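Residue numbers for the sequence shown follow our numbering, beginning at 3 and rising by one.
Here the structure is laid out as structure tokens; the discussion comes afterwards.
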Amino acid sequence: MVRQDKITFLVSYFHWHVPVPRPQIVDPLDGLIQIVLDPVDPLIAGSEKRDLLLQSVGAWSNLTTMSVESLTALCQVEHLPHKRVQTVHRILNWWETGGGIKGFAAINHLSNHHLIARLCHIPGIGRTTATLFLALILKRDLLPITRPIHRVLTRVGIVSRHATEKHLADQLNPVIPCERYFALYWQLLHHSQQYCTVRTPLCTECPFAEHCDKYRHKNDWCPI
Ligand code: SF4
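Right, here's the structure in full:
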């Protein structure tokens, strides 16, 4: 079950209090690489890692021909996340072998469900990464349920904290007001960093405290 009244309250509060930056226009391949390199805040931090990686290899085509050993050494020297760089390597190979070009050319015709399934076939890409790509880069109407977003939604009591990510997405997306997907994602991310942190949330300063199940020990957060 989704608490639609709480969604409405959040959307209305954010609308007046938390400004949303203009979504950037990003090339799909670059966007996917940015998200893979930094799924928590891909529109900001991801581009730094992407730039560093691209600067180190000179051109993306050079990365596709690198051996596993060279890739490992590069990550150690540049302090880049090894597993994520390996996924970038796979994406670039997928891209070069036609999967990307054909895939991206055809993506506008694919439903969210089919596109997520296609991207999840690339090893290292999971549902969250695929959803972030659809929402942030392709501007599809859906809310990416990353860990910080999930944390706020469940603590406030909008969705059950026992639901799976897919279940949450299926329940939530239909009740989010039109054109508010990106804004809500951005604002929830901002809230998760500003107030609703993992270990020490600033509940006494939080504007949602009165409506927050975790703070008020209600529903899923009831201590019994
Ligand atoms: S009251 Fe606390 S737990 Fe609830 S949303 Fe605010 S910061 Fe998070």
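Ideal placement from N, C-alpha and C gives every residue a C-beta, glycine not left out.
Keep in mind it's a predicted model, so treat the numbers as computed, not measured.
What alpha helix (DSSP H) runs, 4 residues minimum, are completely inside the region 129–164? 129–134 and 149–158
When you measure from the CB of residue 229 to every non-hydrogen atom of the ligand SF4, does any distance come out below 7 Å? Only positions 3 to 226 of the chain appear in the structure, and residue 229 is not among them; the question remains open.
Rounded to whole angstroms, what's the CA-CA distance from residue 20 to residue 157? Just pull it up for me. Numbered from its first residue, the sequence shown carries residue 20 at position 18. Numbered from its first residue, the sequence shown carries residue 157 at position 155. Cα to Cα, residue 20 sits roughly 19 Å from residue 157.
Assuming the contact rule is C-beta atoms closer than 8 Å, residue 110 and residue 136 should be a hit. Round their C-beta distance to whole Å, please. Here residue 110 is taken as the residue at index 108 of the sequence shown, counted from 1. Here residue 136 is taken as the residue at index 134 of the sequence shown, counted from 1. Residue 110 to residue 136, Cβ: 12 Å. No contact.
Proximity test, residue 12 beta-carbon vs the ligand SF4 heavy atom, cut-off 7 Å: Residue 12 sits at position 10 when you count from the first residue of the sequence shown. It does not: the Cβ of residue 12 is nowhere closer than 7 Å to a heavy atom of the ligand SF4.
When you measure from the CB of residue 197 to every non-hydrogen atom of the ligand SF4, does any distance come out below 7 Å? Taking the first residue of the sequence shown as 1, we reach residue 197 at position 195. The answer is yes for residue 197.
May I ask you to report which of helix, strand or coil DSSP gives residue 52? One-based indexing of the sequence shown puts residue 52 at position 50. Residue 52 falls in the helix class under three-state DSSP.
If you run the structure through DSSP and keep just helix, strand and coil, what is residue 180? On the sequence shown, position 178 is the one that residue 180 refers to. Correct three-state label for residue 180: coil.
Whole angstroms is fine: what's the gap from residue 13's alpha carbon to residue 179's? Taking the sequence shown and counting its residues from 1, the one referred to as residue 13 is at position 11. Taking the sequence shown and counting its residues from 1, the one referred to as residue 179 is at position 177. Approximately 8 Å, taken between the alpha carbons.
Taking 7 Å as the cut-off, is the CB of residue 224 close to at least one heavy atom of the ligand SF4? Residue 224 sits at position 222 when you count from the first residue of the sequence shown. No; taking the cut-off as 7 Å, the Cβ of residue 224 has no heavy atom of the ligand SF4 nearer than that.
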